[in-house]
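Chains as they are written, first to last, in our numbering: chain B, 22 to 188; chain S, 6 to 318.
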Amino acid sequence: MNTAPRRSLIAWLLTVGFLTFVVGTASAQSDDSAAKENDHLHHQHFAEFGKVPEKARARLNPLVNDRDAIAAGGKLFAQHCAECHGSTAEGGRKAPNLRAEEVQNATPGTLFWILTNGVVRRGMPVWSRLPEAERWQIVSFLKSLPLSTTEESAEAHTHKHPSRDSK
Amino acid sequence: MIRENPLHKPEAIGLEGGGHRRSLTWAGAVALLLGTVLVLPALGQESPYIVTYDHYLEEPGNLEVEYFSTFGTQRSSNDFHSYWVEFEYGAKAWWTTELYLDGQSTFGDSTVFTGFRWENRIRPLAREHLINPVLYIEYEQINDSDKITKEVEGHDVESDYANPNALARQNLNHELEFKLLLSKTFKGWNVALNPLATKNLLPSEAWEFGYAIGASRPLALKASVRQCNLCPENFIVGVEMYGGLGNTQEFGLHETSHYLAPALAWNLPSGWTLRLSPGFGLNDNSHRLLLRWGLSREFTGFGEVVRGLLGGN
């Protein structure tokens, strides 16, 4: 067999396989996202907070008196977090509402620990690649957010999954 | 080495061939273009490394498209310009998969497609630890004219690249490459160490070994309030060193090549990342200079868009 068609065939099989794989995993992620919408999984998201070590939970935000921390944290949030958590942190298809009571009542140390370690098995990457000060800036921004009202949560839920709610 | 029959004279994929293959190439290119223009760019916080890997994976559902270029000097033969394109996809937060397409132009010789690689990186531990391991496995189907020097292994030396392309490309290699990516970020500094082992799939070929080590740090550890291209936090500087460690028959530094390369990454708010890294050979077996640069862009939600284009929910 001529090697040129064979190599070409292998290259195309690999490309098609790669695209199929991308589509397949995207579907799986979508299914995951839909499943995360139910209350049980919502609580499971925040169940990670219960795993934060006591020492980490007690850490104080060193930038609490930094006037620029919230604004800089907002910029970092828009750059790195909004794609999953929504531009106003109201939650998205892939990640939970960060204006929820569980987040707003969590200590700064808890949020910093979650940000550093991620929730890898549930799709949140580790963010230790951001310098520590930048992670604290994001924590400052998150703690500055208003708590979601029940109506806002319901509206965000409807916006994210209209077909589910119309069923 | 798995040698193809030289009488068949393999053609360069994509450069020559029938209309059917060209139409497939165009269809693939259009699908990729559609996928990438319909998704939003995301700001990367990419490391400056070109050879070394840290333990950070692609965010799930995101696609990063990267182009890298290497100008290499060559004693006793012609200098070259090699290049590769990477399509890096975050399958899960703990799993990144990547397709490479390699090519090169040797001055005074020719331009050839040299092969492809399929890489997977898997993070076994859920949280950050003192040292964070990531498992790396790659299948390579490249011929001897490949000059991207994405890693240095075994007894790779400068003179390996001296053969004319017409001769070198006839020898096709099927290889598996394993790396253990060890990395830690502390006080803004990332330090990464990647031991590697490569096996040509021919039973007679020995395991080859190599290493890459890198350290990097952003120019500023705190973000500024304003959006800016030239803010110091957008720049990450580093240095990497990589080389071969022989093979199972002769392990060690004898007849191996090694490089030291300062590196710079500029992460632009528009979603583009530029990288620049001049690599300097550390012994007579190494190329004197490997000047590399790269351009990459990360696209969010690529998986969802592709699924939507194909009629998924």
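Note that the Cβ used here is the ideal one computed from N, Cα and C, for glycine as well. These numbers were taken from a predicted model, which means no experiment stands behind them.
Where the alpha helix (DSSP H) through residue i begins and ends
i: threonine 137 of chain B; result: 129 to 138
i: glutamate 153 of chain B; result: 153 to 165
i: glycine 108 of chain S; result: Segment 100 to 111 is the beta strand (DSSP E) holding glycine 108 of chain S; no alpha helix (DSSP H) there.
i: valine 311 of chain S; result: 307 to 314
i: valine 244 of chain S; result: Note, valine 244 of chain S: premise wrong, no alpha helix (DSSP H); beta strand (DSSP E) at 240 to 252.
i: valine 124 of chain B; result: 122 to 125
Residue environment, residue i, which counts as buried when at least 16 other CB atoms sit within 10 Å
i: histidine 64 of chain B; result: exposed
i: phenylalanine 112 of chain S; result: exposed
i: lysine 155 of chain S; result: buried
i: histidine 259 of chain S; result: exposed
i: leucine 224 of chain S; result: exposed
i: valine 42 of chain S; result: The predicted model places valine 42 of chain S with a pLDDT of 49, which falls under 50 and marks its position as unreliable, so this point remains unresolved.
i: asparagine 126 of chain B; result: exposed
i: serine 108 of chain B; result: exposed
i: phenylalanine 73 of chain S; result: buried
i: glutamine 100 of chain B; result: buried
i: alanine 56 of chain B; result: Because the pLDDT at alanine 56 of chain B is just 48, under 50, the model does not fix this residue reliably, and the point stays unresolved.
i: phenylalanine 307 of chain S; result: buried
i: histidine 292 of chain S; result: buried
i: glycine 257 of chain S; result: exposed
i: proline 53 of chain S; result: buried
i: lysine 97 of chain S; result: buried
i: phenylalanine 109 of chain S; result: Note that residue 109 of chain S corresponds to glutamine in the displayed sequence, not to phenylalanine. It is buried - the Cβ of glutamine 109 of chain S has at least 16 other Cβ atoms within 10 Å.
i: glutamate 155 of chain B; result: buried
Terminal residues of the beta strand (DSSP E) in which residue i lies
i: glutamine 50 of chain S; result: Unbroken run through glutamine 50 of chain S: none, as it is neither H nor E.
i: valine 196 of chain S; result: 194 to 205
i: leucine 279 of chain S; result: 277 to 286
i: valine 117 of chain S; result: 116 to 127
i: glycine 95 of chain S; result: 85 to 97
Contact set between residue i and chain B, taken where Cβ atoms lie within less than 9 Å
i: serine 301 of chain S; result: Within 9 Å Cβ-Cβ: nothing; serine 301 of chain S doesn't reach chain B, min ~15 Å.
i: alanine 98 of chain S; result: Gly139, Val140, Val141, Arg142, Arg143, Gly144, Met145, Pro146, Val147
i: threonine 111 of chain S; result: By Cβ distance, chain B contributes nothing, its closest Cβ being about 20 Å from threonine 111 of chain S, past 9 Å.
Simplified DSSP assignment, three categories, for residue i
i: serine 301 of chain S; result: strand
i: glutamate 69 of chain B; result: helix
i: isoleucine 91 of chain B; result: helix
i: asparagine 178 of chain S; result: strand
i: leucine 258 of chain S; result: coil
i: histidine 160 of chain S; result: coil
i: lysine 189 of chain S; result: strand
i: alanine 270 of chain S; result: strand
i: leucine 140 of chain S; result: strand
i: arginine 220 of chain S; result: What sits at residue 220 of chain S in the sequence shown is alanine, not arginine. It is a strand residue.
i: glutamine 79 of chain S; result: coil
i: glutamine 146 of chain S; result: strand
i: asparagine 82 of chain B; result: coil
i: lysine 115 of chain B; result: coil
i: lysine 155 of chain S; result: coil
i: valine 141 of chain B; result: helix
i: tyrosine 264 of chain S; result: strand
i: histidine 64 of chain B; result: helix
i: alanine 173 of chain S; result: helix
i: histidine 101 of chain B; result: helix
i: alanine 56 of chain B; result: Confidence is the limiting factor: at alanine 56 of chain B the pLDDT is only 48, short of 50, which leaves the residue's position unreliable and the question unanswerable from this model.
i: leucine 5 of chain B; result: The shown model of chain B, from 22 to 188, leaves out residue 5 of chain B, and the question about it has no answer.
i: glutamate 63 of chain S; result: coil
i: glutamate 135 of chain S; result: Checking the displayed sequence, the identity of residue 135 of chain S turns out to be leucine instead of glutamate. Here leucine 135 of chain S sits in coil by DSSP.
i: leucine 34 of chain B; result: helix
i: lysine 184 of chain S; result: strand
i: tyrosine 166 of chain S; result: helix
i: glutamate 210 of chain S; result: coil
Under 8 Å by beta carbon: chain B residues contacting residue i
i: leucine 226 of chain S; result: Pro152, Glu153, Ala154, Glu155
i: tryptophan 212 of chain S; result: The premise fails here: tryptophan 212 of chain S is roughly 24 Å from chain B at the closest Cβ pair, so nothing lies under 8 Å.
i: valine 244 of chain S; result: Per Cβ cutoff of 8 Å: no residues; valine 244 of chain S is ~18 Å from chain B at best.
i: proline 223 of chain S; result: Pro152
i: threonine 190 of chain S; result: Ser149, Arg150
i: leucine 62 of chain S; result: Pro146
C-beta neighbour in chain C for residue i, strict 9 Å
i: threonine 131 of chain B; result: No chain C appears in this structure, whose protein chains are B and S.
Whole-Å CB distance - residue i paired with residue j, under 8 Å assumed
i: glutamine 158 of chain B; j: leucine 84 of chain B; result: 6 Å
i: alanine 266 of chain S; j: glycine 284 of chain S; result: 4 Å
i: valine 157 of chain S; j: glycine 215 of chain S; result: 5 Å
i: leucine 320 of chain S; j: isoleucine 142 of chain S; result: The displayed coordinates of chain S run from 6 to 318. Any statement about residue 320 of chain S would go beyond what the structure contains.
i: isoleucine 136 of chain S; j: arginine 280 of chain S; result: That belief does not hold up - the Cβ atoms of isoleucine 136 of chain S and arginine 280 of chain S are roughly 25 Å apart, past 8 Å.
i: glycine 193 of chain S; j: arginine 231 of chain S; result: The Cβ separation is near 21 Å, so there is no contact.
i: arginine 150 of chain B; j: tyrosine 58 of chain S; result: Not really, about 13 Å apart at Cβ, beyond 8 Å.
Interface residues of chain S facing residue i [CB-CB closer than 7 Å]
i: leucine 97 of chain B; result: Ala228
i: valine 166 of chain B; result: Residue identity check: residue 166 of chain B is leucine in the sequence provided, not valine. Result: empty, since nearest Cβ-Cβ is about 17 Å, beyond 7 Å.
Closer than 9 Å at the beta carbon, the chain S residues around residue i
i: asparagine 138 of chain B; result: Ala131, Arg132, Glu133
Proximal chain S residues relative to residue i, where beta-carbon distance stays under 8 Å
i: proline 83 of chain B; result: Residues of chain S passing the Cβ test: none, with the nearest at roughly 11 Å.
i: alanine 93 of chain B; result: Lys227, Ala228, Ser229, Val230
i: lysine 115 of chain B; result: Pro65, Gly66
i: leucine 35 of chain B; result: Leu104, Phe121, Trp123
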